[in-house]
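Enquirer:
In the working numbering, the protein residues as written are 50 to 315.
This is the structure:
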């Protein structure tokens with residue numbers, strides 16, 4: 050399997066479980082929220098569309114104006130196959146994620162559960178991003194491309210002795226004033242490892258990141274709220290490790306929550 054579209058085709062052909070024409074997305078909804086962590090100068094404005102399929106929620110972050118929230122009413126109750134065929138890109142990813150998460154829940158097998166402690170947004174973000182960075186196995190001084198920048202993850206990568214090469218489509222500097230490039234080619238060409246957000250699945254850049262990492266035999270770690278079960282389908286096929294955080298996400302609770310870490314088998 051080489052691309053997300055290959056995965057969609059495989060799901061539609063019944064290759065991952067029950068016929069998606071007979072499985073319904075019970076509800077489709079969206080969330081818009083802003084976050085500014087203490088001591089930081091960046092306000093993260095995040096919008097997600099979410100789909101509920103059976104026992105799982107699927108998610109996809111999207112850019113402002115990319116979809117009309119009215120699509121949620123139209124999509125709720127639709128068969129998964131219809132959404133995969135005709136819905137806007139973010140809804141397609143959320144439906145695919147929910148279907149795959151329903152067929153094989155993160156909590157059931159194959160993953161290492163990591164409990165994030167109760168606490169403030171800052172302490173929970175640090176714990177989450179330390180868990181993500183803990184999936185890296187690199188010598189000190191290694192260059193790590195970070196595609197999709199959150200400041201606590203920049204810090205967590207540096208805490209492991211690596212050099213962080215940040216890339217983001219909207220942010221231009223880190224909390225510490227480091228320049229952020231919008232061109233992922235700049236960092237993919239020189240990185241010893243890549244850490245990419247699941248948002249790359251939603252914005253269509255994931256396939257290229259996957260291809261480049263395969264071509265260069267570079268480890269690829271995905272940290273995913275968007276498309277966590279979608280990214281899991283590529284473990285061992287370009288994705289080296291995954292931090293999967295299905296909805297409800299850590300930022301929506303002050304209590305203990307769980308993320309799931311996967312590593313591809315050698």
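Each residue gets a CB set at the ideal place from its N, CA and C atoms; glycine is no exception.
#1: Any contact of the region 57 to 65 with the region 123 to 133, i.e. 3+ C-beta pairs under 8 Å?
#2: In three-state terms, what does DSSP make of residue 184?
#3: Find out if the Cβ-Cβ distance for the pair residue 307, residue 170 is shorter than 8 Å.
#4: How about residue 243 and residue 237: do their beta carbons lie closer than 8 Å?
#5: Tell me which residue opens and which closes the alpha helix (DSSP H) that residue 277 is part of.
#6: If you follow the alpha helix (DSSP H) that residue 162 is in, where does it begin and where does it stop?
#7: So residue 138 and residue 251 are in contact, right, with Cβ under 8 Å, and what is the actual spacing, rounded?
#8: Starting from residue 121, follow its DSSP beta bridges and name the residues at the other end.
#9: For residue 189, does the three-state DSSP call read helix, strand or coil?
#10: Taking residue 270 as the reference, give the member of 181, 84, 301, 213 with the closest Cα.
#11: So, do the region 62 to 77 and the region 109 to 117 have three or more beta carbon pairs nearer to each other than 8 Å?
#12: Distance, Cα to Cα, residue 229 vs residue 190?
#13: Going along the chain, which residues of its own chain have a beta-carbon closer than 7 Å to the beta-carbon of residue 195, five neighbours each way excluded?
#14: For residue 289, tell me which candidate among 301, 273, 311 has the shortest Cα-Cα distance.
#15: Compute the minimum distance between the beta carbon of residue 82 and the heavy atoms of the ligand NAD, and state whether it is under 7 Å.
#16: To which residues of the same chain is residue 147 closer than 7 Å at the C-beta, ignoring the five residues directly before and after it?
#17: So what does residue 82 bridge to, in DSSP terms?
#18: Roughly how many angstroms separate the alpha carbons of residue 178 and residue 65, rounded to a whole number?
#19: For my contact list, residue 292 and residue 273 are in at a C-beta cut-off of 8 Å; report their separation, rounded to the angstrom.
#20: List the endpoints of the continuous beta strand (DSSP E) containing residue 107.
#21: Can you name the start and end residues of the beta strand (DSSP E) that residue 244 belongs to?
Expert: The answer reads as follows:
#1: yes
#2: Walking along the chain shown from the start, residue 184 turns up at place 135. Coil.
#3: Translated into the one-based positions of the chain shown, residue 307 becomes position 258. Translated into the one-based positions of the chain shown, residue 170 becomes position 121. No, the pair does not count as a contact, with Cβ atoms beyond the cut-off.
#4: Locating residue 243 in the chain shown gives position 194, counting from the first residue. Locating residue 237 in the chain shown gives position 188, counting from the first residue. The answer is yes: Cβ separation under 8 Å.
#5: Against the chain shown, residue 277 aligns to sequence position 228. Counting along the chain, the alpha helix (DSSP H) containing residue 277 begins and ends at 277 to 281.
#6: Position 113 of the chain shown, counted from the start, is the residue given in the question as residue 162. Run containing residue 162: none in the alpha helix (DSSP H); it sits in the beta strand (DSSP E), 161 to 165.
#7: The sequence position of residue 138 within the chain shown is 89, counting from 1. The sequence position of residue 251 within the chain shown is 202, counting from 1. Sure, about 7 Å apart at Cβ, within 8 Å.
#8: Residue numbering aside, residue 121 sits at position 72 when the chain shown is read from its first letter. Answer by DSSP bridge pairing: none, since residue 121 is not bridged.
#9: Working through the chain shown from its first residue, we reach residue 189 at position 140. Coil, per DSSP.
#10: Taking the first residue of the chain shown as position 1, residue 270 is located at position 221. If we check each option's Cα against that of residue 270, 181 comes out closest.
#11: no
#12: The sequence position of residue 229 within the chain shown is 180, counting from 1. The sequence position of residue 190 within the chain shown is 141, counting from 1. Those two C-alpha atoms are separated by around 19 Å.
#13: Counting from one through the chain shown, the residue named residue 195 turns up at place 146. Contacts found: 202, 203, 206, 213, 214, 215, 216, 244.
#14: Here residue 289 refers to the residue found at position 240 of the chain shown. Per the Cα distances, 311.
#15: Although the ligand NAD was asked about, the structure shown includes no ligands whatsoever.
#16: Along the chain shown, read from residue 1 onward, the residue named residue 147 stands at position 98. Closer than 7 Å at Cβ, skipping near neighbours: 74, 100, 101, 102, 105, 106, 107.
#17: On the chain shown, position 33 is the one that residue 82 refers to. 95.
#18: Position 129 of the chain shown, counted from the start, is the residue given in the question as residue 178. Position 16 of the chain shown, counted from the start, is the residue given in the question as residue 65. Roughly 30 Å between the two C-alpha positions.
#19: Taking the chain shown and counting its residues from 1, the one referred to as residue 292 is at position 243. Taking the chain shown and counting its residues from 1, the one referred to as residue 273 is at position 224. At roughly 7 Å, the Cβ-Cβ gap stays under 8 Å, so residue 292 and residue 273 are in contact.
#20: One-based indexing of the chain shown puts residue 107 at position 58. That run of the beta strand (DSSP E) goes 105 to 110.
#21: By one-based count along the chain shown, residue 244 stands at place 195. Where residue 244 is concerned, the enclosing beta strand (DSSP E) stretches over 242 to 246.
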